[in-house]
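Read the structure below first, then the notes.
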Amino acid sequence: MVSHSIPFIEETIEDPEDDVILFEDPLNLDNWTKTDTRPNIDIVRVTYSREENSREATITLEVNSRGYIEDNNSFDYFNFTFYTVSYMIILETSTNSYDVEYIDKNCTINGEVAIAQVTDNILSVSFNLSTSNETFVSLGGYSYAIEVHSLYDFKMYMDVAPDSALFTADAGGPYRGYVNETIHFSGSYLDILETTSPPYNYTWDFGDGSTGVGENPTHVYHSPGNYTVTLTVTDSIGNVATDRTLAIITERWDTIPPKIKIISPKRALYINNKKIIPFLTVVILGNINIEVEAVDYESGIDRVEFYIDDTLKSVDYSEPYSFMWDEDTSQEFKHTIKVIAYDRERNNASEEIRIWRFSPTLPTIYK
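Just so we're aligned, residue 1237 is where the sequence shown starts under the working numbering, counting upward by one.
Listed below in structure tokens is the structure:
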């Protein structure tokens, strides 16, 4: 009898030891150092494995052998101390993205509850892919710890595997316009560790079979629809970063309420209006620019109102709809952001999110 072994697929990302990034001043992204004092955050290996043509897959994240997978998430209102540790693995396949989050003994995959196994310094999660014929595209691991000891003592420890994952592109958007109208696009990149090398090439796929180059290209769509726009930024030594957004193209001309969506902030950690890393909820250190997508295909948008904890803070009458929230909120940390869009026939729609915000600004003292 001849036995046939089943092909096994395995992809591994290796990351150097003792390369945890410490932000001594989280409001200044240029002020960072590497440290070897946090082995629990120090990712050394991320692995994806499965048998070929099987949906069953396993992802593991391994930290420094001097450390362990940490379960800690605490907040002391009275003393204003905050500490949380989180691990995240992102798997991209040919057809899907799987976001694995592990924090305080709770594990989710794309927001759905999952089961994780923890053995000392290794986190392992087994799950089923959506289909058995998905092919591997990319794999990355993220870990971070946030410490707040007072209004003026913030520290953040972070590791990313591989380090090149900190080179990211931003395609902007979503973009909105009409058929045969010129749409202006704007791209950028972020390289916190300065591991890349100029010059940078910007290549755009506009989703309708057309392409463009440059940071700020323009394009005209000749049919209505929702188009997936892809920006690829490449440096001179081969590092590549990609981001996707939407171009929403409609014909011109109401009884239907508008559509509104908060596009920033999302579930992530933000430091002084910069999105640092995905997070289980919205955590903001410093200021944040609240950005809203609002559309009405009949009469058009009249205005967008911005509320913080049911108090009206701003009204925006033109795109892009946004509000820079920069006031001191050091006495309160949990807030609700609510936005309401009105069209020209007075129909309205709203959306709200709950967030944590830590403002280092000194409170005003009245005598």
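A virtual CB, placed ideally from N, CA and C, is assigned to each residue, including glycine.
None of the values given here were measured: they were computed from a predicted structure.
A contact between stretches requires three or more CB pairs, one per stretch, nearer than 8 Å, and the segment 1378-1392 fails this requirement with the segment 1439-1457.
Per the C-alpha coordinates, the member of PHE1311, PHE1372, THR1294, TYR1380 positioned closest to THR1331 is PHE1372. About 22 Å separates the beta carbon of HIS1571 from that of ARG1539, a gap too long to meet the 8 Å contact definition.
Assigned with DSSP and collapsed to three states, ASP1399 falls in helix. For GLY1408, same chain residues with a beta-carbon under 7 Å away, outside a window of 5 residues either side, are PHE1421, SER1422, GLY1423, THR1481 in chain order. In this structure GLU1292 is exposed. Its beta-carbon is surrounded by fewer than 16 other beta-carbon atoms within 10 angstroms. The Cβ-Cβ distance between ILE1498 and ILE1573 falls below 8 Å.
Per DSSP, reduced to three states, the secondary structure at SER1310 is strand. Each residue's CA atom was taken as its position, placing TYR1338 and ASN1309 some 11 Å apart. Between ALA1381 and ARG1274, the C-beta spacing is below 8 Å. A residue is called buried once 16 or more other Cβ atoms fall within 10 Å of its Cβ, and ASN1346, having fewer, is exposed. If you compare the alpha carbons of TYR1436, PHE1515, PHE1569, ILE1484 with that of ALA1530, the shortest gap goes to ILE1484.
Secondary structure of ASN1525 (DSSP, three-state): strand. Residue burial annotation: GLU1541 is buried, with at least 16 other C-beta atoms found within 10 angstroms of its C-beta.
For ILE1358, the uninterrupted beta strand (DSSP E) segment begins and ends at 1358-1364.
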